[in-house]
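As structure tokens, the structure follows; a few thoughts come after it.
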Amino acid sequence: VIRRALQRLRGLRPSEEREQELREELEAHLQLATDDHLRAGLGPAEARRAAVLELGGLEATREAVRDARTVPVLADLLRDARLGLRQLRRRPLFGATAVFVLALGLAASVALFAFADAALLRPLPYADPGSLVRVYESTDSCPLCNLSYPDFKDWKEQARAFSGFDLFRGTTVGLDAPGGPEAARVALVSAGFFRTLGVAPALGRDFAPGEDVPSAPPVVVLPHRTWQVRYGGDPGMVGRTVRLDGQPHTVIGVMPPSFAFAPSPAEFYAPFTGTDSCGKRRSCHNAHSVARLRPGVTLAAALDEVRAIAARLEQQYPDSNRGQGAAVAPLAESVVGRVRPVLLLLLSGALLLFAIAAFNVTGLLVVRAETRRRELAVRTAMGASGARLLGQFATEAAVLVGTGGVLGLGLAFVFMKLLVGLLPTGLWAQLPFFHDLGLGPRVVGFGGVLALASLVLFTLAPWLLVRQRPLEGLAGGRGSSGTVWRRLGSRLVIAELATAMVLLVGAGLLGRSLTLLLQVELGLRPEGLAVVEVRAEASDLETQERFAALVRRMRDEVASVPGVASVGVTSTAPVGTSVNSRWFRIVGRAYPGDGHEETPFRSVSPGYFQTLGTPLLSGRDFDERDLPDRPRVAIVNATLARQMFPGESPLGRRLVYVAGGKEELEIVGVVADVREGALDAALTAAVYHPLTQDTSSFMSVLARASGPERGVLPGVVAALRRASPGFVVREQTTMSTRIGNSPAAYFSRSTAWLAGVFAALALVLSAVGLHGVVAYSVGQRTREIAIRMALGAQRGSVQGMVLREAGLMVVAGLAVGAVAAALGARTLESLLFQVRPSDPWVGAGVTGVLALVALVAVAVPARRAASVHPMEALRTD
Amino acid sequence: VGVGDKADVWQGTLALMVLKTLETMGPQHGYGIARRIEQTSGGQLSLNYGTLYPALVKLEQEGAISAEWGLSENNRKAKFYRLTAGGRRRAAREAREWQQATAILARFVAEPS
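Residue numbers (this note's numbering), protein chains in the order written: chain D, 1 to 877; chain U, 1 to 113.
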């Protein structure tokens, strides 16, 4: 093949040597011919003339040979391409359908691959990302948990496994703005953070060792985006001062554009000093860590070491470190662990859709080849070589795939933008690897591989079909020529139906899971709830009295906003991801092994439960008298009451926190369970205490509106600013949005919708494929059917014959699909909420839908078969 | 099929004739091949000798035959063509296909429908 191609290429350039050889060869021919003619008795001149005449002219022959050597190869190619185009143009609907179906399948696969590539294949933008890990403290209730600052310092000092070990923590600061402080996310990082990641600033420097102590002058490092958006890319930014919370900070560096740190998206990086009250307590876990394994150290070895250190600390500080183990996991896991199963699932869904699309187009092409069988047979007889036919199919397929491919890539780009637009902004910030999503070389290459695969399929399938009995078409009979296609076609359809079934089952399971997730008991009425998250100024937190007064002002001001029916304030709004747990014991009760209970706690204001719409089951709500100088009280939820006080009333019992203040809290009320954690997390015990006997710099203000809740948001924000001009407003939203955009709901919804769209497309495509095969088969057998009718077959029995044939295909498709779906559904398990992969309702529903659609798809050709007139037997050849 | 009493050579059949000729006669030059085709057809085919050379070039490019210079029986320098292994296989295949085709056609011609 290569040699021939080389010869052809060489043939493209006229070579003097070659010309000379041709002249000699023809001259030899003429001499041989002349010799013969001389022997036959002609004179020398006449003999020569006769020889030339026989040759058909010397120059003409030379020209023909030159043509054979060079141009025809190209000319054939061009002619085939033109033929392919003409074939497509002659049936524009066929061409358009094939191109569109292909483009759709390709676009879905390429778009999903772009996401998967960005998240799973592209390495994290750090030096040697494979050796970066995150180190966690670990308890039974929180296996991958935050670190406390004192623990971190011990670990860092003792661990040999890491060449770098640093901390980070997200927080919010206020930036000066005309309407009051504007919220900006800050990541507090220990001095070695950027060096551990192995990323150097694009401008200036990063934090120097020792710069993360309270006495050091305040400095910040900007991510590239902040530099561009907030400061217009000012080239002299390094050395300038920015005010965070009113404090001047010197900008020492700007990170490169490729830098992002998904676990803590931020607009500013400032040093982590660990000097706040939490940083001094071993029991207060508020920091995350990132570390780099020393060369040659395995994850398991590092884990052994930190576990040993944690065990020593547990003995040393039993009060704060009881049950505190350790865990180590790759950094990539914490960045993409959540999206990986979703992306892999959707990518496989898209690939299945592509497979259906390709099968469908193959079916169309094979039908076409079948109808062209006679033309092709004649051409074969007339000397078109198998290779030429293959070339013709290939050029035709190339036109289809080329058009479909370009269209598909364009569509993929649109799909990507659409999908990105659907991501909630909060989630968007945590997925930095999606920010520069595009049609990169790898993504286009993936599309190219798919296109190439379909090109091969589209070329070989019709070619093999025709080649099987190349001359059959000449015989003119139609009776048997369709059987090959019917066999191949029905196999394609069975494959399509089975694939559609897999997609439908997947979509059905995800859809059911989403429904159950959104129906989960919240313990509150989300409709009509406006949510504003604020951060209080440090001066408001100086004493408990000042803070209690602030809470009082907040409630009074917000309650006076027109349209607000009631207001409540909490340290942490419900349906969040925050853990915020503490250890406590119930006073007067012995615990086995001197243990303690761990539970989430929230500080809430009076009126909070009423605003949520959560009923108080017994006792009383917090009220205005629960002030710092009054006895400390607490409200527990129903789960806690059931778990800790089975068969007795918790009212009047006391509990005490293990670490921190040792004051006892009296339980004064029991409320119904509120879903404090994620939608898909189990309900847990919870303790509430009065916000007015506590302090909390971050608060969520919940206002129940009498009308649409969005309408009261500006009024609520203005009221809060009146209560404290120093408030940094972090977020204004509604409870419904908050729930809908929570990661559990979002991932579940987007997965279910995308899978649903894929499944719907698959259903349509397989129905079209089924319809095509049956209609073709009926068309092929018009004569046979007409003869049957002429011999007295009833319309019903003819229709039954067609339906039976189609039914066999459908049943086979459903059977294969059911097995494949049962196997495939197991991979979904981790994504499902309260639905088993073998959910009978989904299985039954999908089977029903597919069977119904299949029935509709074959009803039309079956009716046509029944309406064949016996006279047709005479008319068709 | 043809005009007058001589048949034109169908396009595409010439290659097979060349291959079969080389198969039976062994290495042969262009003029010899042309003469042999004419003789085999019993003078019923009018072969324009000039059309033979493009066919030879094509077959050579496709690897079915190879060529080298030699001396003819009456000591004239000429380019001799020989079948390659691939050409031999191709000759067998195309011959089989033609037999099939003509058998089918023969049935049509025997009892016109």
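Quick reminder that beta carbons are idealized off the backbone N, C-alpha and C, glycines included.
Here the structure is a predicted model, which means the values were calculated and not measured.
Whole-angstrom Cβ separation of Ser581(D) and Pro600(D), contact assumed at under 8 angstroms?
5 angstroms
Ala28(D) CB to nearest chain U CB: under 7 angstroms?
yes
Give me the subset of the region 31 to 52 of chain D whose CB atoms are less than 7 angstroms from a CB atom of chain U, sorted by chain position.
Gln31, Leu32, Ala33, Asp35
Give, in chain order, every unbroken run of the alpha helix (DSSP H) that is at least 4 residues long and sits entirely within the region 123 to 210 of chain D.
149 to 158, 193 to 197
Nearest-angstrom Cα separation, counted from Arg107(U) out to His865(D)
Note that residue 865(D) is Ala in the sequence shown, not His. Rounded to the nearest angstrom, the two C-alpha atoms are 33 angstroms apart.
Starting from Leu55(D), find everything on chain U with Cβ-Cβ shorter than 7 angstroms and list it in chain order.
Going along chain U in sequence order, the residues near Leu55(D) (Cβ under 7 angstroms) are Tyr49, Gly50.
Classify Arg89(U) as buried or exposed, calling it buried when 16 or more other Cβ atoms lie within 10 Å of its own Cβ.
Answer is exposed; the Cβ neighbour count stays below 16.
In terms of residues, what are the limits of the alpha helix (DSSP H) holding Glu709(D)?
Counted as a single uninterrupted DSSP element, the alpha helix (DSSP H) harbouring Glu709(D) occupies residues 709 to 723.
Got a sec: which bits of the region 397 to 423 of chain D sit with their beta carbon under 9 angstroms from any beta carbon on chain U, in order along the chain?
none
Tell me which same chain residues have a C-beta within less than 6 angstroms of the C-beta of Asn360(D), skipping the five on either side of it?
Result list for Asn360(D): Val101, Leu765, Gly769, in chain order.
Contact set for Arg863(D): own chain, Cβ-Cβ below 8 angstroms, skip 5 residues either direction
Cβ within range, chain order: Gln799.
Ala394(D) at chain U interface by Cβ criterion, 7 angstroms:
no
Does any residue of chain U bring its CB to less than 7 angstroms from the CB of Thr847(D)?
no
Proximal residues of chain U, C-beta to C-beta of Glu16(D) below 9 angstroms:
Within chain U, no residue comes near Glu16(D); the closest Cβ sits about 17 angstroms away, beyond 9 angstroms.
Backbone CA spacing between Asp623(D) and Ala159(D) [nearest angstrom]:
50 angstroms
With distance defined between alpha-carbon atoms, name the residue in Asn286(D), Leu720(D), Gly813(D) nearest to Ser700(D).
Minimum Cα distance to Ser700(D) is reached at Leu720(D).
With contact counted as at least three CB pairs below 8 angstroms, one residue from each stretch, are the region 807 to 820 of chain D and the region 26 to 37 of chain U in contact?
Too few Cβ pairs lie closer than 8 angstroms, so no.
Closest to Arg185(D) by C-alpha separation, out of Glu16(D), Ala429(D), Leu627(D), would be which residue?
Ala429(D)
In whole angstroms, give me the CA-to-CA distance for Trp463(D) and Val810(D).
Trp463(D) and Val810(D) have their C-alpha atoms roughly 27 angstroms apart.
Answer yes or no: do Tyr776(D) and Val367(D) have a C-beta to C-beta separation smaller than 7 angstroms?
At the C-beta level, Tyr776(D) and Val367(D) come within 7 angstroms of one another.
Sort Met237(D), Gly349(D), Pro217(D), Ser215(D) by Cα distance to Phe113(D) and report the nearest one.
Gly349(D)
Span of the beta strand (DSSP E), counted from its first residue to its last, around Thr543(D)
No beta strand (DSSP E) contains Thr543(D), which DSSP labels as neither H nor E.
Reduced DSSP category for Gln780(D) - H, G, I as helix; E, B as strand; rest coil
helix
Closer than 7 angstroms between beta carbons: that is the criterion. Which residues of the region 61 to 75 of chain U meet it against chain D?
Those would be Gln61, Glu62, Gly63, Ser72, Asn74, in chain order.
Quick one: is Glu878(D) near chain U, going by C-beta distance under 7 angstroms?
Lying before the first or after the last residue shown, residue 878(D) is absent from chain D, which here runs from 1 to 877.
Cα-Cα separation between Leu30(D) and Leu390(D), rounded to whole angstroms:
39 angstroms
DSSP state of Val238(D), grouped into three classes?
If DSSP states are grouped into helix, strand and coil, Val238(D) belongs with coil.
Kindly provide the ranges of any alpha helix (DSSP H) runs that are 4 or more residues long and lie completely inside the region 309 to 341 of chain D, ordered along the chain.
318 to 321, 331 to 336
Alpha helix (DSSP H) runs contained entirely in the region 227 to 304 of chain D, provided each spans 4 or more residues:
Taking 4 residues as the minimum length, the alpha helix (DSSP H) runs contained wholly in the region 227 to 304 of chain D are 277 to 280, in order along the chain.
Answer with yes or no whether the minimum CB distance from Glu19(D) to chain U is below 7 angstroms.
no
How is the beta strand (DSSP E) around Val671(D) delimited, first residue to last?
664 to 671
Identify the residues that DSSP records as bridge partners of Asn360(D): which are they?
DSSP, once it has assigned bridges, lists no residue as partnering Asn360(D).
Can you tell me whether DSSP reads Val846(D) as helix, strand or coil?
helix
For a contact defined as C-beta to C-beta under 9 angstroms, what are the partners of Gly30(U) on chain D?
Glu25, Leu26, Ala28, His29, Leu32
My assumption, with CB atoms under 8 angstroms, is that Phe272(D) sits in contact with Leu132(D). Please give the rounded CB distance.
In fact, because the Cβ distance is near 18 angstroms, the residues do not count as touching under 8 angstroms.
Counting only C-beta atoms, is Pro54(U) closer than 7 angstroms to chain D at any point?
Yes, because at least one Cβ of chain D sits closer than 7 angstroms to the Cβ of Pro54(U).
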